[in-house]
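Notes follow the structure.
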Amino acid sequence: MTEIIAEITPDIVAEHGLSAEEYQKVLEIMGRVPNLVELGIFSVMWSEHCSYKSSKRWLKTLPTDGAQVIQGPGENAGVVDLGEGLAAIFKIESHNHPSFIEPYQGAATGVGGILRDVFTMGARPVMNLNALRFGAPDHPKTRHLLAGVVAGIGGYGNCVGVPTVAGEVNFHPAYNGNILVNAMTVGLAPTDRIFYAKAVGAGNPVVYVGSKTGRDGIHGATMASAEFGADSEEKRPTVQVGDPFTEKLLIEACLELMATDAIVGIQDMGAAGLTSSSFEMASKGGMGVELELDRVPLREVGMTPYEIMLSESQERMLMVLKPGREAEARAIFEKWDLDFAVIGSLTETGRMVLRWHGGVVADLPIDPLAEAAPEYDRPWEPVEPPAALDEANFPEEGDPLDSLERLLATPDLASRRWIWEQYDHLVMGDTVERPGGDAGVIRIGDGPKGLAATTDCTPRYCLADPKTGGAQAVAEAWRNLNAVGALPLAVTNNLNFGNPEKPQIMGQIVGCVEGMAEACRALGTPVVSGNVSLYNETDGQAILPTPVIGGVGLLPDVALVPGIGFRGEGEEILVIGW
Amino acid sequence: MKSAVVVFPGTNRDKDMVRALEGASGQSPALVWHKHSEIPKVDLIVLPGGFAHGDYLRAGAMAARSPVMREVVARAESGVPVLGVCNGFQALTEAGLLPGALLRNADLRFVCRTVTLRVENTQTLFTGRFAAGETFDTPVAHMDGNYFIDDEGHRRIAGNDQIAFRYADGAAAGPANPNGALDDIAGVFNETKTVLGLMPHPEDATDPLHGGTDGRKLFDGIVEALS
Amino acid sequence: MKARVHVTLKPGVLDPQGKAIEHALDTLGFSGVEEARQGKLIELDLAESDPERARAQVEEMCRKLLANTVIENYAIELEA
Amino acid sequence: MKARVHVTLKPGVLDPQGKAIEHALDTLGFSGVEEARQGKLIELDLAESDPERARAQVEEMCRKLLANTVIENYAIELEA
Ligand SMILES: Nc1ncnc2c1ncn2[C@@H]1O[C@H](COP(=O)(O)OP(=O)(O)O)[C@@H](O)[C@H]1O
């Protein structure tokens with residue numbers, strides 16, 4: 006074994022975010038002291054971000070089945086049947102911490118990441134959405150963060166050519182030091198050409214495509230799970246720069262290859278890059294994997310195996326091909342001017358073996374590591390219901406028109422035109438309902454069917470009563486889809502909360518998930534994918550509990566979308582379901 | 580009418596354009612990849628919108644220098660009509676087929692919304708279906724649509740009726756001119772009026788689902804002129 | 004050898020980025036900025052080691068790609 | 004006095020624009036370009052005439068606005 010570092014000290018273990026007990030488990034699994042590369046791999050695989058160690062117990066309680074569900078949580082994105090051989094593939098994902106540190110690039114790479122999750126499964130992305138939370142409008146950082154995030158979302162999505170059709174934005178001082186940037190992508194794929202991350206077939210080539218690997222975001226995955234402190238701005242170099250142009254090429258090249266039958270399994274390199282992608286693919290297929298790190302396309306000289314495995318460079322994918330199909334695949338990626346390298350193969354050993362400069366630099370068992378990933382049943386406290394408000398404490402309202410004007414001028418209700426005009430919401434030529442309505446709607450193919458999508462959550466409800474708030478978010482998404490004439494099919498969700506090690510925060514999580522599960526069951530819209538972002542705190546101050554729901558629904562005929570505007574004078578105004 | 584649509588890496592409104600051309604002409608355009616140096620014999624060459632080569636360096640700069648553009652320039656010089664929309668317009672100015680340049684939007688923000696255009700010259704193969712001074716609504720979606728030309732050039736194109744469209748008051752909720760373009764210029768012709776470039780996307784205003792079909796007049800007019 | 008190319012907007016060409024910088028500096032309380040202009044800096048690592056040939060090469064790159072001479076000027080600096 | 008600020012991406016930060024320039028130069032037949040990086044050039048006209056005070060001012064402008072120090076470095080040149 007090539008020597009990587011002399012000694013693993015408790016400090017190094019702590020820097021990798023592993024607790025003493027977790028490190029003990031590492032020693033048991035390895036049967037020896039790990040080297041630095043191996044420790045790095047444990048660290049990212051067991052981070053909150055990759056392992057969902059605090060939330061898994063509760064996520065299991067969400068309803069995930071239904072006749073329409075082709076693939077629930079556990080893959081890169083959820084898949085729902087639309088009938089007539091078509092499926093919708095979608096997911097939402099957070100990029101909160103990176104966006105606070107560098108709003109443009111953080112938001113842009115968030116969009117890039119969620120797009121990859123969706124086209125990895127064989128779908129052409131057709132809609133982007135987002136859910137944003139900023140601090141108080143008059144907080145000194147808010148303007149800069151808002152402008153940067155919106156420009157970043159647009160900068161990436163517009164260039165890639167996927168319309169951004171809906172979203173939501175709220176302001177509250179609880180987000181002053183910890184904004185939320187959740188991005189959602191919806192794609193369309195033929196039901197018989199859906200691709201999964203499962204790697205099978207000993208000897209099959211493992212192929213790297215996309216951009217080269219640089220020293221981007223090393224430790225990004227652990228950063229995304231660590232609570233912010235005053236020194237967080239020092240962690241800056243972990244921010245990555247997105248390259249939407251390369252992403253666009255990657256979409257086209259992947260879809261072109263997916264039209265053949267050369268691919269066995271495919272997975273994007275997201276958080277924890279090569280480590281988590283190769284690990285997860287092998288683990289899902291019950292295989293081992295051997296990688297030759299010398300073959301990984303590198304952007305910088307002198308990169309170490311540790312850096313290669315932990316880099317979070319964007320716009321990269323890992324695939325397992327059928328044997329003998331390499332040349333065909335290479336021709337497609339080279340046509341699109343993308344890197345293509347066979348970097349290893351699958352084995353039957355059940356181990357991940359990394360070679361570099363002729364030696365072995367890591368050798369660890371896949372299943373035991375995956376199975377032993379920590380899972381915590383963290384203590385939680387139910388949230389005390391707030392005292393009822395006494396109507397007598399509120400002043401008599403004056404002129405209703407006055408009140409209306411004041412309401413419309415509040416930051417949470419004001420028009421979002423300034424935002425969505427910066428997003429190309431028309432590209433692809435299928436947008437039926439633009440931003441500004443209840444849900445975005447696109448036409449599917451040549452119609453008449455359409456697909457609707459929305460993102461929703463009202464954090465103050467979740468704060469007051471997590472269970473009702475969680476249920477309300479689902480109900481609101483449902484209503485928004487319904488209002489454009491769609492039948493809601495399923496949802497994805499992004500659980501944004503504070504530090505789960507605090508029982509009060511854990512209580513919010515438990516309550517919101519319970520409410521969400523109940524509403525999803527009642528409304529027949531299972532949860533097919535999602536993302537969890539915890540430790541959203543600054544100096545001990547948690548954000549409002551923000552379980553964002555992304556809903557997707559099907560319209561029988563886009564010509565029937567009612568639209569949000571009043572159409573003409575003299576028409577009757579009805580209120581339904583009061 | 581036979582047409583060809585040039586596709587660069589990063590082009591993203593090719594499908595929209597293909598549909599609009601199919602709708603107007605009843606024929607599917609040929610798609611030509613940027614690395615190819617040959618274009619089939621067609622009546623119209625179209626450069627659609629998008630972010631060719633990411634719009635890195637300058638919008639349209641790298642597209643203008645790709646192999647296929649040598650052929651586009653040659654055809655244009657031999658009189659074959661060429662239409663460039665948005666990124667295609669930027670590439671045509673970069674390639675020297677159209678006068679002026681497109682700078683970053685004055686407010687430095689991407690803008691996607693509906694604008695109103697006034698047709699300034701109806702005596703061309705592109706604009707024959709419009710009445711003099713007619714206005715129509717069509718979306719824009721761009722980051723670099725701020726048309727610029729120096730004073731002398733401005734006088735020249737104005738004098739030679741090369742200004743095709745101007746932003747006008749109408750549909751927009753904001754200012755009529757969405758990007759700060761000089762003299763509200765939204766589109767220009769070459770000297771012989773056989774090459775047209777414009778920032779707005781008439782191809783995204785050809786289906787009732789787009790919220791309007793004003794863009795059809797442009798495509799129908801072209802088909803009529805070239806069939 | 005290394006070359007550094009400065010690409011600047013010609014005088015008279017509107018410079019929205021420069022204007023935005025002026026405005027932002029002013030908002031931040033930097034008062035004495037009379038004008039700000041934004042251009043591009045392109046740094047090239049060249050295989051060529053002869054300064055004269057290098058300059059000629061870069062000149063051609065500028066004319067053919069790096070600058071749009073309708074609106075931009077360029078200046079070349081070589082570093083050994 | 005005039006100040007010239009060069010804003011460049013920190014070493015190791017991905018430079019999609021630079022990469023694209025490299026690629027385009029190559030396609031145009033310029034073979035000997037080993038690397039291209041794109042940065043910004045910002046030219047300022049300052050009311051301040053004392054070089055030391057001017058430099059200090061521009062330093063602060065860079066830190067507060069002109070450079071994004073998360074991913075960029077800056078360098079200042081003064082011209083009388
Ligand atoms: N970040 C965003 N991106 C795209 N569209 C947005 C965004 N924020 C708001 N919108 C759109 O603006 C409209 C109003 O937003 P909001 O007030 O948040 O709506 P609601 O309360 O109905 O969810 C909606 O159509 C929404 O889709």
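In order, the protein sequences belong to chains V, D, P and W.
Numbering-wise (our numbering), the first sequence opens with residue 6 and increments by one.
Numbering-wise (our numbering), the second sequence opens with residue 580 and increments by one.
Numbering-wise (our numbering), the third sequence opens with residue 4 and increments by one.
Numbering-wise (our numbering), the fourth sequence opens with residue 4 and increments by one.
Glycine included, each C-beta is placed from N, C-alpha and C at the ideal position.
CA-to-CA distance, residue j to residue i, given in whole angstroms
i, j, result
"L323 (chain V)", "S59 (chain V)", "28 Å"
"A93 (chain V)", "K67 (chain P)", "45 Å"
"Q513 (chain V)", "G140 (chain V)", "20 Å"
"N739 (chain D)", "H632 (chain D)", "33 Å"
"P168 (chain V)", "D443 (chain V)", "16 Å"
"D729 (chain D)", "A491 (chain V)", "52 Å"
"M6 (chain V)", "A480 (chain V)", "Any answer about M6 (chain V) is weak, because its pLDDT of 44 lies below 50 and its placement is not dependable; what the coordinates show is given next. Cα to Cα, the separation comes out at about 56 Å."
"R56 (chain W)", "A70 (chain P)", "34 Å"
"L431 (chain V)", "D793 (chain D)", "16 Å"
"T695 (chain D)", "A527 (chain V)", "47 Å"
"P781 (chain D)", "H789 (chain D)", "10 Å"
"L494 (chain V)", "V532 (chain V)", "10 Å"
"K796 (chain D)", "S56 (chain V)", "56 Å"
"T530 (chain V)", "I106 (chain V)", "35 Å"
"S582 (chain D)", "L343 (chain V)", "30 Å"
"Q509 (chain V)", "T551 (chain V)", "14 Å"
"T473 (chain V)", "L539 (chain V)", "20 Å"
"I581 (chain V)", "R383 (chain V)", "42 Å"
"F345 (chain V)", "E257 (chain V)", "15 Å"
"D470 (chain V)", "E389 (chain V)", "8 Å"
"E80 (chain W)", "L137 (chain V)", "40 Å"
"R241 (chain V)", "D451 (chain V)", "Residue placement at R241 (chain V) cannot be trusted, given a pLDDT of 37 that sits under 50; the coordinates are not used to answer."
CB-CB length for residue i against residue j, believed under 8 Å
i, j, result
"A82 (chain V)", "S534 (chain V)", "5 Å"
"N159 (chain V)", "P249 (chain V)", "A small fix is needed here, since residue 159 (chain V) is Gly in this sequence, not Asn. With a Cβ gap of about 10 Å, G159 (chain V) and P249 (chain V) do not count as contacting."
"S48 (chain V)", "L64 (chain V)", "Between L64 (chain V) and S48 (chain V) the Cβ distance is about 22 Å, and since that is not below 8 Å, they are no contact."
"G475 (chain V)", "C517 (chain V)", "4 Å"
"E26 (chain V)", "W51 (chain V)", "The Cβ separation is near 11 Å, so there is no contact."
"L49 (chain W)", "G35 (chain P)", "6 Å"
"L359 (chain V)", "L296 (chain V)", "5 Å"
"M778 (chain D)", "F668 (chain D)", "6 Å"
"F284 (chain V)", "I371 (chain V)", "6 Å"
"V767 (chain D)", "G679 (chain D)", "6 Å"
"T125 (chain V)", "Q245 (chain V)", "Between Q245 (chain V) and T125 (chain V) the Cβ distance is about 18 Å, and since that is not below 8 Å, they are no contact."
Bridge partners - residue i, DSSP secondary structure assignment
i, result
"T530 (chain V)", "None, per the DSSP bridge assignment."
"P493 (chain V)", "V:G558"
"L323 (chain V)", "V:Y213, V:Q272"
"M50 (chain V)", "DSSP lists no partner for M50 (chain V)."
"F95 (chain V)", "V:G83, V:V191"
"G445 (chain V)", "V:A458"
"M132 (chain V)", "V:V191"
"L500 (chain V)", "V:V537, V:P552"
"M357 (chain V)", "V:V294, V:L369"
"G766 (chain D)", "D:F744, D:L777"
beta-carbon residue i near ligand 3 non-hydrogen atom, thresh 6 Å
i, result
"V10 (chain W)", "Here the bound small molecules are ligand 1; ligand 3 is not part of this structure."
Practice task
Give, in chain order, every residue of the segment 17 to 34 of chain P whose Cβ lies closer than 9 Å to some Cβ of chain D.
Solution key: Within the segment 17 to 34 of chain P, the residues whose Cβ lies closer than 9 Å to some Cβ of chain D are L17, D18, P19, Q20, K22, A23, listed in chain order.
Practice task
Check distances from the C-beta atoms of the segment 680 to 698 of chain D to those of chain P and list, in chain order, the residues that come in under 9 Å.
Solution key: Only A680, L682, R683, N684, A685, D686, L687 from the segment 680 to 698 of chain D bring a Cβ to less than 9 Å from some Cβ of chain P.
Exercise for the section: Specify whether the segment 96 to 106 of chain V and the segment 176 to 192 of chain V touch according to this definition: at least 3 beta carbon pairs, one from each stretch, less than 8 Å apart. Expected result: yes
Practice task
Anything in the segment 702 to 731 of chain D with a Cβ closer than 9 Å to a Cβ of chain V? List those residues in chain order, please.
Solution key: P718, A720, H721, M722
Problem - chain V contacts from the segment 580 to 603 of chain D (Cβ-Cβ distance under 7 Å) - result: P588, G589, N591, R592, K594, D595, R598
Practice task
May I ask you to list, following chain order, the residues of the segment 65 to 81 of chain W that have a beta carbon less than 8 Å from some beta carbon of chain V?
Solution key: N71, T72, V73, I74
Practice task
Please list the residues of the segment 34 to 48 of chain P that have a C-beta atom closer than 9 Å to any C-beta atom in chain W, keeping them in chain order.
Solution key: S34, G35, V36, E37, E38, A39, R40, Q41, G42, K43, L44, I45, E46, L47, D48
Problem - Within 9 Å of chain W by C-beta, residues of the segment 729 to 751 of chain D in sequence order - result: none
Practice task
Give the residues from the segment 639 to 670 of chain D that approach chain P closer than 8 Å (Cβ to any Cβ), ordered along the chain.
Solution key: A640, M641, R644
Exercise for the section: Would you check if there are 3 or more beta carbon pairs closer than 8 Å linking the segment 205 to 216 of chain V to the segment 125 to 142 of chain V? Expected result: no
Exercise for the section: Would you list, in chain order, the members of the segment 768 to 794 of chain D that have their beta-carbon closer than 9 Å to a beta-carbon of chain V? Expected result: H780, E782, D783, T785, D786, P787, L788, H789, G790
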